[in-house]
Amino acid sequence: MRRSGSLGLVIVAAITVLWMLPLYRILSVSLEDGGLSNYTEVLAKEGLGRYILNSAVVTSSTVLLVLAIASVAAFAFSKLRFRGRKIVYALILSGMMIPVAAILVPLTDIQRTLGWQNTYQGLIAPYAALALPFALVLLRNSYDSLPDQLLEAAVVDGAGVWRAFYRILLPLTAPTLVMVGIWTFLNSWNEFLLALLFMTSTDMRTITVVPASFQLSFFVDVPKIFAALVLIQLPVVVLYAALQRKFQRGLTAGAIK
Amino acid sequence: MSQAEQAAGRAAHEPTGGPQERKTSRGRSGAGTGLRARRAGEASWRRGMWGPLLVAPAVVLFVGYIAWPVVSNLGTSFLGNSEADPTLRFVGFDNFMWIGTTRPGQLAFRNVALFAVMTIPVQMILGLYFAVALSGRGWVKGLLRTLLFLPVVLTPVVIGYLFADLLETSNGPVNEALRAVGLDWLAQPWLADPMLALPVVAAVNVWMWTGFSMAIYQAALTSLDDEVLEAAALDGASHWQTLWRVIAPMLRPAHYALLILGVIATLKVFDLVYVLTGGGPDSASEVPTSLLLKSLLAGHEGRAAALGTVVFLLAMLLTIAQLRRYGKGDDQ
Chain A
1 MRRSGSLGLV IVAAITVLWM LPLYRILSVS LEDGGLSNYT EVLAKEGLGR
51 YILNSAVVTS STVLLVLAIA SVAAFAFSKL RFRGRKIVYA LILSGMMIPV
101 AAILVPLTDI QRTLGWQNTY QGLIAPYAAL ALPFALVLLR NSYDSLPDQL
151 LEAAVVDGAG VWRAFYRILL PLTAPTLVMV GIWTFLNSWN EFLLALLFMT
201 STDMRTITVV PASFQLSFFV DVPKIFAALV LIQLPVVVLY AALQRKFQRG
251 LTAGAIK
Chain B
1001 MSQAEQAAGR AAHEPTGGPQ ERKTSRGRSG AGTGLRARRA GEASWRRGMW
1051 GPLLVAPAVV LFVGYIAWPV VSNLGTSFLG NSEADPTLRF VGFDNFMWIG
1101 TTRPGQLAFR NVALFAVMTI PVQMILGLYF AVALSGRGWV KGLLRTLLFL
1151 PVVLTPVVIG YLFADLLETS NGPVNEALRA VGLDWLAQPW LADPMLALPV
1201 VAAVNVWMWT GFSMAIYQAA LTSLDDEVLE AAALDGASHW QTLWRVIAPM
1251 LRPAHYALLI LGVIATLKVF DLVYVLTGGG PDSASEVPTS LLLKSLLAGH
1301 EGRAAALGTV VFLLAMLLTI AQLRRYGKGD DQ
């Protein structure tokens, strides 16, 4: 395969160009008619900025919450000893592949009971819960790979368990934190089903729910809808361009062990 | 994770406690009895309140938003109501019977199986082809890999709207292009034809996820033994023979992982279906989640919950298969 000639590469390059045509299309249509004014118009008149802000609040809160909760739990599961440790860990692990569909009906009941429809926490809590098992597995593997002597030395030195965790072990899991962060970011930014069900008021919509409502208000003004679609993807694409290899590692982590 | 290990290794060699640290590491290399004695000494701080305290937030979140909903959903599966009487009452297995005997229920699960068959093998074969063709160094290969992986990170809803426009019947660019080159007979109502709707959604799924298969194979390829590949080349095996006879069998863990992840992702499929076809026409592209949402919005909580229960049971079977692969990975 190493010797596969340049002809093979030319063929793959040609396929890749074809593969990218839909993305070229989304850009070109978004600039039809009004050009860049399509973009300013969806931001100014249709309030897309507000929806992007909603998604940004929900996504960043979810990422921080997952990183915090999964980090302390992963540290405890890996380095501390307490009753029920193995069973509790196995239970949370079993939640790793539960599809949202399996808990959708009770989730709507919970939202109603708590009065959390059309609130940020109404999306943050289930997003964080669904991301938790996977985050926990990756972070626990990371803590398991840190030698026990690190923690022992720190504790013997008189640092409390918390300080030893926070100052010494946590920073060493940074590469895994980045992977988990990227994975959680994409899952929350792209999530559609819960956002569709829980964010019904115009003000609280997140970006994935917006195109459907835009279709109604713009009727068939496709260029403006496409401008909105491009803006929705912009944060993802910019981050991907900057952290490309970390994205690939973060999204494929845990698949092969 | 190897980076973390390296970092940990570096930090372990840093003189944090001077003589103190040296003492501990000597203890580690000592005999088994010494080790056990040290374990007992650790107990005081390892077994304090910190463990339960640090795990508590995760447990609360998990119980409140995953475990309890799963149990509650199971209970609701056995409740039903009617338009005349909207209160939920125990109806036994009626909801599961409804799934098994009505057209939408049957189609939803038949379609999910068809969807898996139409997407997973194609994504795996294309992904393997891309991974092999783009293995190695060079900025061109790197750029192509980056581009092919790009759809994986994009928002499924956005992809849905994009392809809905591309495949529009009367003046979508796909049909326009076909007519322009004289292939009018090939121009189809892609999303409105009951025979085509599901395969077309599957094709969009392939467009999105092939890059993921490529990345998995790429990671697996880098761990392959170069000598085996060179030996195959020296034996005069052609590229195709090398790929199918030598490389593909060595990637079994990657095949298996993609198969299981693919089936679970298929069980979850919703966004593309909702935006592209809404499950239609006439349930032709219905999937469990789209039917669940319809049932829920129509006030049939019990049916929706029963659909959720079936999806849950299928996902659990797959999870067990996946965890068995990991062996005792969760047991330290």
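These protein sequence lines map, in sequence, to chains A and B. Taking the numbering used here, I'd label the letters of the first sequence as residues 1 to 257. Taking the numbering used here, I'd label the letters of the second sequence as residues 1001 to 1332. Just so you know, even glycine gets a beta-carbon here, dropped at the ideal spot from N, CA and C. Owing to the predicted nature of the structure, the values given are computational and were not obtained by experimental measurement.
Per-residue contacts from residue i into chain B (C-beta, under 9 Å)
i                      : result
residue 222 of chain A : 1165
residue 73 of chain A  : 1054, 1055, 1056, 1057, 1058, 1059
residue 190 of chain A : 1153, 1154, 1155, 1156, 1157, 1158, 1271
residue 56 of chain A  : Near residue 56 of chain A there are no residues of chain B at all, since even the closest Cβ is about 14 Å away, more than 9 Å.
residue 25 of chain A  : 1162, 1165, 1166, 1173
Cross-strand partners of residue i (DSSP beta bridge)
i                       : result
residue 1090 of chain B : B/1079
Partner residues on chain A for residue i, Cβ-Cβ distance less than 9 Å
i                       : result
residue 1312 of chain B : 98, 99, 101, 102, 103
residue 1289 of chain B : 99, 100, 101, 104, 193
Proximal residues to residue i (C-beta, below 7 Å), its chain only, five neighbours per side dropped
i                       : result
residue 1250 of chain B : 1224
residue 165 of chain A  : 75
residue 1076 of chain B : 1301, 1302, 1305
residue 1318 of chain B : 1260, 1263, 1264
residue 1286 of chain B : 1104, 1107, 1108, 1111, 1279
residue 18 of chain A   : none
residue 1282 of chain B : 1194
residue 1201 of chain B : 1272, 1273, 1276, 1277, 1285
residue 970 of chain B  : This structure leaves residue 970 of chain B out entirely; chain B is present only between 1001 and 1332.
residue 169 of chain A  : 75, 143, 146, 150, 151
residue 1257 of chain B : 1216
residue 122 of chain A  : 111, 116, 198
residue 207 of chain A  : 51, 52, 55, 232
residue 269 of chain A  : Any property of residue 269 of chain A remains undetermined from this structure, which presents chain A solely from 1 to 257.
Proximal chain B residues relative to residue i, where beta-carbon distance stays under 8 Å
i                      : result
residue 116 of chain A : Those within 8 Å of residue 116 of chain A in chain B number zero; the least Cβ separation is about 11 Å.
residue 233 of chain A : 1154, 1155, 1158
residue 70 of chain A  : 1058
Residues near residue i in its chain [Cβ-Cβ closer than 8 Å; skip 5 each side]
i                       : result
residue 961 of chain B  : Because chain B is modelled from 1001 through 1332, residue 961 of chain B falls outside the range shown and cannot be assessed.
residue 1073 of chain B : 1305, 1308, 1309, 1312
residue 1058 of chain B : none
residue 183 of chain A  : 131, 134, 135, 250, 251, 253
residue 230 of chain A  : 26, 27, 30, 39
residue 148 of chain A  : 79
C-beta atoms of residue i and residue j nearer than 8 Å
i                       : j                       : result
residue 955 of chain B  : residue 1204 of chain B : In the structure displayed, chain B extends from 1001 to 1332; residue 955 of chain B sits before or after that span and is not available.
residue 32 of chain A   : residue 223 of chain A  : yes
residue 195 of chain A  : residue 1288 of chain B : no
residue 242 of chain A  : residue 39 of chain A   : no
residue 132 of chain A  : residue 1061 of chain B : yes
residue 1303 of chain B : residue 1095 of chain B : yes
residue 1290 of chain B : residue 1279 of chain B : yes
residue 1151 of chain B : residue 1190 of chain B : no
residue 1047 of chain B : residue 81 of chain A   : yes
residue 1144 of chain B : residue 154 of chain A  : no
residue 1069 of chain B : residue 103 of chain A  : yes
residue 1156 of chain B : residue 190 of chain A  : yes
residue 1219 of chain B : residue 99 of chain A   : no
residue 1198 of chain B : residue 1270 of chain B : no
residue 1091 of chain B : residue 1080 of chain B : yes
residue 1322 of chain B : residue 1209 of chain B : no
residue 59 of chain A   : residue 185 of chain A  : yes
8 Å Cβ cut-off: residues of chain A touching residue i
i                       : result
residue 1050 of chain B : 76, 80, 161, 162
residue 1099 of chain B : Chain A residues near residue 1099 of chain B: none, gap ~13 Å exceeds 8 Å.
residue 1264 of chain B : 97, 99
residue 1147 of chain B : 16, 19, 20
residue 1228 of chain B : Correct list: empty, because the minimum Cβ distance to chain A is about 12 Å.
Partners in chain B for residue i, counting only beta-carbon separations shorter than 7 Å
i                      : result
residue 94 of chain A  : 1319
residue 8 of chain A   : 1133
residue 248 of chain A : 1149, 1215
Amino acids of chain A, ordered along the chain, whose beta-carbon sits closer than 7 Å to that of residue i
i                       : result
residue 1139 of chain B : Going along chain A, no residue has its Cβ under 7 Å from residue 1139 of chain B, so there is no contact; the nearest lies around 12 Å.
residue 1294 of chain B : Chain A residues near residue 1294 of chain B: none, gap ~12 Å exceeds 7 Å.
residue 1073 of chain B : 102, 103, 105, 106
residue 1047 of chain B : 81, 82
Sequence-distant residues of its chain with Cβ nearer than 6 Å to residue i (five each side left out)
i                       : result
residue 1222 of chain B : none
residue 49 of chain A   : 43
residue 1217 of chain B : 1127, 1128, 1131, 1254
residue 1297 of chain B : none
residue 64 of chain A   : none
Any non-hydrogen atom of the ligand GTP within 7 Å of residue i CB
i                       : result
residue 1064 of chain B : No copy of the ligand GTP appears in this structure; indeed no ligand is present at all.
Those runs of the beta strand (DSSP E) which lie wholly inside the region 1112-1144 of chain B and span at least 3 residues
none
Which ranges does the alpha helix (DSSP H) cover as unbroken runs of at least 4 residues, wholly within the region 1167-1196 of chain B, from first to last along the chain?
1173-1180
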